[in-house]
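Residue numbers (the numbering used here), protein chains in the order written: chain C, 1 to 116; chain G, 1001 to 1113. See structure below.
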């Protein structure tokens, strides 16, 4: 079974631009979560999508948005890029589960975004 | 709000020694605690996890302990080897909805020969 894939793997943008990152989950997984990883901050939760609906959202400004398609693929968008947005963006997919129960998340390789 | 604190941020041990990483969490309703290992340039990989109805879990050289009263959990690696060198993240699942994990800030473990 293929793992979680993310495209592109590397991206260089300048301040003020916008960027779209893509994540393809493991086949059959309907939940996709996004995390931002920066040195010293660990992984910070951005949002989770399940069945095309945002189910959970972290403490990030509205410049960060996402969506999920009917095939469970997900995209995240960052508008008006700032230097501080430079980070590794990881997505993770999981099977749907019972409310209140955790299902293991499988991470993709990440997209390394550099904002100049 | 939901918070996970992790200590130490860096840890250096000699090969063969033990390593211990500690985490505390804020929400007593948390019921699942995974540990991830991330090697340089690679994705985080789940290495061990524990649910709130268990106090300890072991898998070969790796063990995790959970103290629900004190709201802390620890990762123990025995007989460390150079390939254990990586960044380790603890995390907690808060049952507030969805499949969200809250991570600690990571521990850079270096195993020296």
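Note that beta-carbon positions come from the ideal geometry of N, C-alpha and C, so glycine has one too. As the structure is a prediction and not an experimental result, all values here were calculated from the model.
Spatially closest choice to residue i from the options, by CA coordinates
| i | options | result |
| --- | --- | --- |
| residue 14/C | 31/C, 84/C, 96/C, 59/C | 84/C |
| residue 27/C | 44/C, 73/C, 18/C | 73/C |
| residue 1051/G | 1076/G, 1040/G, 1039/G, 1035/G | 1035/G |
| residue 1059/G | 1026/G, 1069/G, 1012/G, 1048/G | 1048/G |
| residue 1011/G | 1100/G, 1023/G, 1041/G, 1085/G | 1085/G |
| residue 54/C | 75/C, 44/C, 17/C | 75/C |
| residue 3/C | 24/C, 71/C, 60/C, 82/C | 24/C |
| residue 61/C | 70/C, 81/C, 71/C | 81/C |
| residue 1078/G | 1024/G, 1064/G, 1002/G, 1069/G | 1064/G |
| residue 101/C | 1038/G, 1031/G, 1109/G | 1031/G |
| residue 1095/G | 1037/G, 1062/G, 1110/G, 1026/G | 1026/G |
| residue 70/C | 106/C, 56/C, 51/C | 51/C |
| residue 1092/G | 1109/G, 1068/G, 1111/G, 1061/G | 1068/G |
Exposure label - residue i; buried when at least 16 CB within 10 Å
| i | result |
| --- | --- |
| residue 114/C | exposed |
| residue 1113/G | exposed |
| residue 1017/G | exposed |
| residue 1044/G | buried |
| residue 1099/G | buried |
| residue 12/C | exposed |
| residue 1089/G | buried |
| residue 1107/G | buried |
| residue 45/C | buried |
| residue 1075/G | buried |
| residue 111/C | buried |
| residue 1101/G | buried |
| residue 116/C | exposed |
Residue j beta carbon less than 8 Å from that of residue i
| i | j | result |
| --- | --- | --- |
| residue 1105/G | residue 1009/G | yes |
| residue 1046/G | residue 104/C | yes |
| residue 38/C | residue 108/C | no |
| residue 96/C | residue 30/C | yes |
| residue 1057/G | residue 1028/G | no |
| residue 1066/G | residue 1054/G | yes |
| residue 32/C | residue 93/C | yes |
| residue 1073/G | residue 1103/G | no |
| residue 78/C | residue 63/C | yes |
| residue 90/C | residue 43/C | yes |
| residue 1023/G | residue 1038/G | no |
| residue 36/C | residue 87/C | yes |
| residue 1082/G | residue 1015/G | yes |
| residue 1111/G | residue 1013/G | yes |
The ligand FAD heavy atom lying under 7 Å from the CB of residue i
| i | result |
| --- | --- |
| residue 55/C | You won't find the ligand FAD in this model; it holds no ligand whatsoever. |
Checklist entry - Can you list, in chain order, the stretches of the alpha helix (DSSP H) that have 4 or more residues and sit fully within the stretch 1020-1083 of chain G? => result Runs of alpha helix (DSSP H) with 4 or more residues, each lying fully within the stretch 1020-1083 of chain G, are absent.
Item to check | beta strand (DSSP E) runs wholly inside the stretch 21-74 of chain C, at least 3 long, in chain order | outcome: DSSP assignment within the stretch 21-74 of chain C yields the following whole beta strand (DSSP E) runs of 3 residues or more, N-terminal first: 31-38, 42-50, 53-57, 64-68.
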